[in-house]
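Peer 1: Provided herewith is a single structure, encoded as structure tokens, for subsequent inquiry.
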């Protein structure tokens, strides 16, 4: 039942498209899931994809558009008149997907599309959703849900539910509200099926309901759904009224995106790119941090320049520059990564930042002692310069201390000031550790040269 | 309804525990979700946690154990007799959780616990699950599910369902099988509620069912559930018989773990640790890559040693060592990260590895040209050594080319040989790029000194 995209498949599809053979094309894609067709579009040029798209049934073609990557979808829709977007695409899809699609257009075009939506309830839902920050519960939720009044009994609820649920894709929970639409509880469909029909909803429902406010940030929504193993989560406004529900599939996307973002930050990539993006897009995403790192390199070179005198006297000093900068970078990345992951997963516990720094200091002492002892023994056996032998060990120890504390401290501070702590990874940390590392190392060499030389 | 763990809460809880005040302790935790209580255990020492645990009802206490981190749970259970584990903990929890818990014990203890389980069906399910690789669909799935025969009608199915579903937590789908238990389709509970009661299941069910084999790797399971927005996924054996089902909450854990693992690999951390782990655990997780990186540093120092003659003649050569190694590391990490994320998300598309290398080569040409031109202009304006000015630009260009291709090539090769490509990130890439970077740079300096000097 599952489809695997192969080069052969794309080749025969392209052949059918080139021949304008509608039947052969449809035969190839008709049975595929919308997500698979969206994946196929990625491999085609825009005209080929459009040829396929016109062959799909209305509902399937909207589903495919929902599944497309943002950039592909934009290309797709930019030439389409507002009326067609409203009648053919927005019609029949869930309010959250509709808002996501409309949200990518200019304000003017949004207005145009909205006026063409016949279903006033749907249009109203979309307008409501467009007002929320896309990184909040309001931006994630859909307005479509099944709600029953706490004073109804099971029979009446089932009847009402049948009415409300007809147009919904997946219903797993029924939400229970009072006369003012205040959320009071939830009821799983399973319970609805199992209970005797005369029981009152108020007694049957689960009142310990976990909900979020429309303004809860999406990262927190993801953490809550993950922690409590939820499949759907009701969203309430500031006075407790039920306004929407978030389903787990949207949150899986949030989790993947967040994880991907942190990973890219650490790799020094400034935009969300994939290996299939073209050379220009990829260069633009990689260049900013490389330029920053290069200026960091220039700063390092100025630091080393100050020690040219010592270097010409003892050129072997240069030998350990890569080790010192490399170790500083590695240690700094380790420390910052642990803090950043802890912040992202909300797993830092209740330890105070001060206690964390103390603990990192201890770790740095242990790591620094072990590693500088190893290199001390190695250099005693192999090096002919006592000054370098001593300087390397002291510098390595100091650099490990500095890089550990700096790597712990910076993300904590950034987080305190509500800046994404993941900024403090990758090229930033390694560049700062490079500059401070060479300075510490060469300054110690110079000092020892002055004392012992 | 949501609980936030604070230092004040832990303090008052610890006070109640110290006074052995059972009522005050229960008052504090009774209403909390099992996941919250599990989080609290993380902040307590083992005796405090045990005091709380004995106060919980049987079902709640099993739920808390399921939610605990593996290491905390192990501490908790190691002193408990097999009989108690079987009767108090395993009893009443889902087969997948039961198998996860039992799987952490020695074979001998597993046998002991299994013999104490009264419910022979549950014991059988657990034995079945223990046989699967924990990173496969078989290791993720639970045996508990609701299945109906394709030849039944809705009324009979509802009746059967009521019987089967009673002991299940969440039921969202009913699986449809034939007389040989071969999976034929699925039916959502919503559809069950909406359909007329006399309809035959065969006609009502969705036959385009997406399923996985017991041996499908968990990463692939996660990708499938994410791509098709599934809440539950049936698992079949090699001849198509329905053997279990995977729910989205378990897959969210897989996605988080995979993302966390890649992130930790990139940060050069060899075990799954958190900032709350103690100094010893953290040191053990950080030390391996640091030692490898240090030996990389020693290799770099040997490379530089070969150029001591040139360095004593022109000590300014040392100035740009950190820039060259730093840029090599950054470029290499960028390239490897894009490939590794593409492999993890299954988004590399159908481009062949060869085409990817060609594209990366183009990106490297563009990046290398831009950056080496910038540094050329800068050095022309500020440096007094033409040799260094030219050498830095040529070396930077070459290092960017090398690091880009190496960072792309290695994860692709590792993946081809079924080794986790994420190994090719972090300290490994930066260390290799450091060594090759200093060699390229100093060799070019030496060459130019020979020609121009």
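Protein chains in written order, with the numbering used here: chain A, 1324 to 1776; chain B, 1324 to 1776.
All residues carry an ideal CB built from backbone N, CA and C; glycine is no exception.
With a threshold of 7 Å on Cβ separation, who are the neighbours of residue 1532(A) within its own chain once the five nearest residues in sequence on each side are excluded?
Peer 2: Taking the first chain and counting its residues from 1, one reaches residue 1532(A) at position 209. Only 1506, 1508, 1509 and 1557 meet the Cβ criterion.
Peer 1: Beta-carbon of residue 1364(B) versus every beta-carbon of chain A: anything under 8 Å?
Peer 2: For this step, residue 1364(B) is matched to residue 41 along the second chain. No, no contact with chain A.
Peer 1: Which same chain residues, not among the five before or five after residue 1756(B), have their C-beta less than 6 Å away from its C-beta?
Peer 2: One-based indexing of the second chain puts residue 1756(B) at position 433. Hits under 6 Å: 1651, 1652, 1655 and 1726.
Peer 1: Since residue 1585(B) and residue 1745(B) are thought to touch, with beta carbons under 8 Å apart, how far apart are those beta carbons, to the nearest angstrom?
Peer 2: The residue you call residue 1585(B) lines up with position 262 of the second chain. The residue you call residue 1745(B) lines up with position 422 of the second chain. That belief holds up - the Cβ atoms of residue 1585(B) and residue 1745(B) are roughly 5 Å apart, short of 8 Å.
Peer 1: Cβ of residue 1466(A) within 8 Å of Cβ of residue 1541(A)?
Peer 2: As a working mapping, residue 1466(A) is identified with position 143 in the first chain. As a working mapping, residue 1541(A) is identified with position 218 in the first chain. No, the pair does not count as a contact, with Cβ atoms beyond the cut-off.
Peer 1: In the DSSP assignment, the alpha helix (DSSP H) including residue 1653(B) goes from what residue to what residue?
Peer 2: Position 330 of the second chain, counting from 1, holds the residue named residue 1653(B). Run containing residue 1653(B): 1644-1668, per the alpha helix (DSSP H) assignment.
Peer 1: Can you check whether the C-beta of residue 1557(B) is within less than 8 Å of a C-beta belonging to chain A?
Peer 2: By 1-based counting over the second chain, the position of residue 1557(B) is 234. It does not; no Cβ of chain A falls within 8 Å.
Peer 1: Please report the distance separating the alpha-carbon of residue 1537(B) from that of residue 1552(B).
Peer 2: To locate residue 1537(B), count along the second chain from 1; it is residue 214. To locate residue 1552(B), count along the second chain from 1; it is residue 229. When rounded, the distance between both Cα atoms is 20 Å.
Peer 1: For residue 1584(B), which three-state DSSP category applies?
Peer 2: As a working note, residue 1584(B) is residue 261 in the second chain. It is helical.
Peer 1: Indicate whether residue 1404(A) and residue 1591(A) have their beta-carbon atoms separated by less than 8 Å.
Peer 2: Within the first chain, the letter at position 81 stands for residue 1404(A). Within the first chain, the letter at position 268 stands for residue 1591(A). In this structure, residue 1591(A) does not lie closer than 8 Å to residue 1404(A) by Cβ.
Peer 1: Cα-Cα, which of 1712(B), 1741(B), 1737(B) and 1758(B) is closest to residue 1775(B)?
Peer 2: Start at 1 with the first residue of the second chain, and residue 1775(B) comes out as number 452. Of the candidates 1712(B), 1741(B), 1737(B) and 1758(B), the one whose C-alpha sits nearest the C-alpha of residue 1775(B) is 1712(B).
Peer 1: Does residue 1489(B) come within less than 8 Å of chain A when only Cβ atoms are used?
Peer 2: Numbered from 1 along the second chain, position 166 holds the residue referred to as residue 1489(B). Yes - at least one Cβ of chain A is within 8 Å of the one on residue 1489(B).
Peer 1: What in chain B is Cβ-close to residue 1644(A), meaning under 7 Å?
Peer 2: Residue mapping note: residue 1644(A) aligns to position 321 of the first chain, counting from 1. Those are 1641, 1644 and 1645, listed as they occur along chain B.
Peer 1: If contact means a Cβ-Cβ distance below 8 Å, which residues of the stretch 1683-1715 of chain B contact chain A?
Peer 2: Cβ contacts with chain A come from 1685, 1686, 1689, 1690, 1693, 1694, 1697, 1698 and 1701.
Peer 1: Just to check my reading of the structure: residue 1683(A) and residue 1658(A) have Cβ atoms closer than 8 Å, yes? What is that Cβ distance to the nearest angstrom?
Peer 2: Residue 1683(A) sits at position 360 when you count from the first residue of the first chain. Residue 1658(A) sits at position 335 when you count from the first residue of the first chain. Yes, residue 1683(A) and residue 1658(A) are in contact; Cβ-Cβ is about 6 Å, under 8 Å.
Peer 1: The ligand NAP and residue 1639(B): does any heavy atom of the ligand fall closer than 7 Å to the residue's C-beta?
Peer 2: By its list of ligands, the structure shown contains no ligand whatsoever, and the ligand NAP lies outside what it can speak to.
Peer 1: Assuming residue 1645(B) and residue 1761(A) make a contact with CB atoms under 8 Å, what is their CB distance in whole Å?
Peer 2: Here residue 1645(B) is taken as the residue at index 322 of the second chain, counted from 1. Here residue 1761(A) is taken as the residue at index 438 of the first chain, counted from 1. At roughly 6 Å, the Cβ-Cβ gap stays under 8 Å, so residue 1645(B) and residue 1761(A) are in contact.
Peer 1: What's the gap between the Cα of residue 1566(A) and the Cα of residue 1440(A)?
Peer 2: For the purposes of this step, residue 1566(A) is taken as residue 243 along the first chain, with counting starting at 1. For the purposes of this step, residue 1440(A) is taken as residue 117 along the first chain, with counting starting at 1. So the two alpha carbons sit approximately 21 Å from each other.
Peer 1: Note down the Cα distance separating residue 1330(B) from residue 1673(A), rounded to an integer number of angstroms.
Peer 2: Position 7 of the second chain, counting from 1, holds the residue named residue 1330(B). Position 350 of the first chain, counting from 1, holds the residue named residue 1673(A). Cα to Cα, residue 1330(B) sits roughly 6 Å from residue 1673(A).
Peer 1: Check each candidate in 1478(B), 1602(B) and 1668(B) and name the one with the smallest Cα separation from residue 1678(A).
Peer 2: To locate residue 1678(A), count along the first chain from 1; it is residue 355. If we check each option's Cα against that of residue 1678(A), 1602(B) comes out closest.
Peer 1: By the 9 Å beta-carbon criterion, what residues does the stretch 1652-1665 of chain B contribute toward chain A?
Peer 2: Cβ contacts with chain A come from 1652, 1653, 1654, 1656, 1657, 1658, 1659, 1660, 1661, 1662, 1663, 1664 and 1665.
Peer 1: Is it a yes or a no for the stretch 1712-1723 of chain B touching the stretch 1616-1632 of chain B, going by three-plus beta-carbon pairs under 8 Å?
Peer 2: Output reads no: the stretch 1616-1632 of chain B does not touch the stretch 1712-1723 of chain B.
Peer 1: Please name the residues in the stretch 1565-1587 of chain A whose beta-carbon is closer than 9 Å to at least one beta-carbon of chain B, in chain order.
Peer 2: Residues 1570, 1571, 1572, 1573, 1574, 1575, 1576, 1578, 1579, 1581, 1582, 1583, 1585, 1586 and 1587.
Peer 1: Would you call the CB atoms of residue 1362(A) and residue 1333(A) closer than 8 Å?
Peer 2: Taking the first residue of the first chain as position 1, residue 1362(A) is located at position 39. Taking the first residue of the first chain as position 1, residue 1333(A) is located at position 10. Taking 8 Å as the Cβ cut-off, residue 1362(A) and residue 1333(A) do not qualify as a contacting pair.
Peer 1: Check the Cβ-Cβ distances between residue 1525(B) and every residue of chain A, and say whether any is below 8 Å.
Peer 2: Reading the second chain from its first residue, position 202 is the one you call residue 1525(B). No - not a single Cβ of chain A is within 8 Å of the one on residue 1525(B).
Peer 1: Quick check: residue 1453(B) and residue 1446(B), are their CB atoms within less than 8 Å of each other?
Peer 2: Indexing the second chain from 1 puts residue 1453(B) at position 130. Indexing the second chain from 1 puts residue 1446(B) at position 123. Not in contact: residue 1453(B) and residue 1446(B) (Cβ atoms no closer than 8 Å).
Peer 1: Which word fits residue 1473(B), buried or exposed, when buried means at least 16 other C-beta atoms lie within 10 angstroms of its C-beta?
Peer 2: Along the second chain, read from residue 1 onward, the residue named residue 1473(B) stands at position 150. Residue 1473(B) is buried by the Cβ-count criterion.
Peer 1: Strictly by DSSP, which residues pair up with residue 1476(A)?
Peer 2: Locating residue 1476(A) in the first chain gives position 153, where the first residue counts as 1. DSSP, once it has assigned bridges, lists 1523(A) as partnering residue 1476(A).
Peer 1: Identify whether residue 1690(A) lies in helix, strand or coil by the three-state DSSP scheme.
Peer 2: One-based indexing of the first chain puts residue 1690(A) at position 367. Helix at residue 1690(A).
Peer 1: By Cβ distance, which residues of its chain are closer than 7 Å to residue 1630(B), with the 5 residues on each side in sequence left out?
Peer 2: By one-based count along the second chain, residue 1630(B) stands at place 307. Taken in chain order, the residues that qualify are 1765 and 1769.
Peer 1: Identify the residues that DSSP records as bridge partners of residue 1568(A): which are they?
Peer 2: Counting from 1 along the first chain, the entry for residue 1568(A) is found at position 245. The partner list for residue 1568(A) (beta bridge, DSSP) reads 1465(A) and 1557(A).
Peer 1: My assumption, with CB atoms under 8 Å, is that residue 1790(B) sits in contact with residue 1425(B). Please give the rounded CB distance.
Peer 2: Nothing can be reported for residue 1790(B): it is not among the residues displayed for chain B, which extend from 1324 to 1776.
Peer 1: Does DSSP put residue 1496(A) in a helix, in a strand, or in coil?
Peer 2: Walking along the first chain from the start, residue 1496(A) turns up at place 173. Looking at residue 1496(A) - three-state DSSP - the assignment turns out to be strand.
Peer 1: What are the start and end residues of the alpha helix (DSSP H) that includes residue 1507(A)?
Peer 2: Translated into the one-based positions of the first chain, residue 1507(A) becomes position 184. Per DSSP, residue 1507(A) belongs to no alpha helix (DSSP H); it is in the beta strand (DSSP E), 1506-1511.
Peer 1: Starting from the C-beta of residue 1336(A), find all residues in its chain whose C-beta is less than 6 Å away, skip the five residues before and the five after it, and write them out in chain order.
Peer 2: As a working note, residue 1336(A) is residue 13 in the first chain. These residues qualify, in order along the chain: 1351.
Peer 1: Determine the direct distance from the alpha carbon of residue 1394(B) to that of residue 1412(B), and round the result to whole angstroms.
Peer 2: Taking the second chain and counting its residues from 1, one reaches residue 1412(B) at position 89. Taking the second chain and counting its residues from 1, one reaches residue 1394(B) at position 71. Those two C-alpha atoms are separated by around 17 Å.
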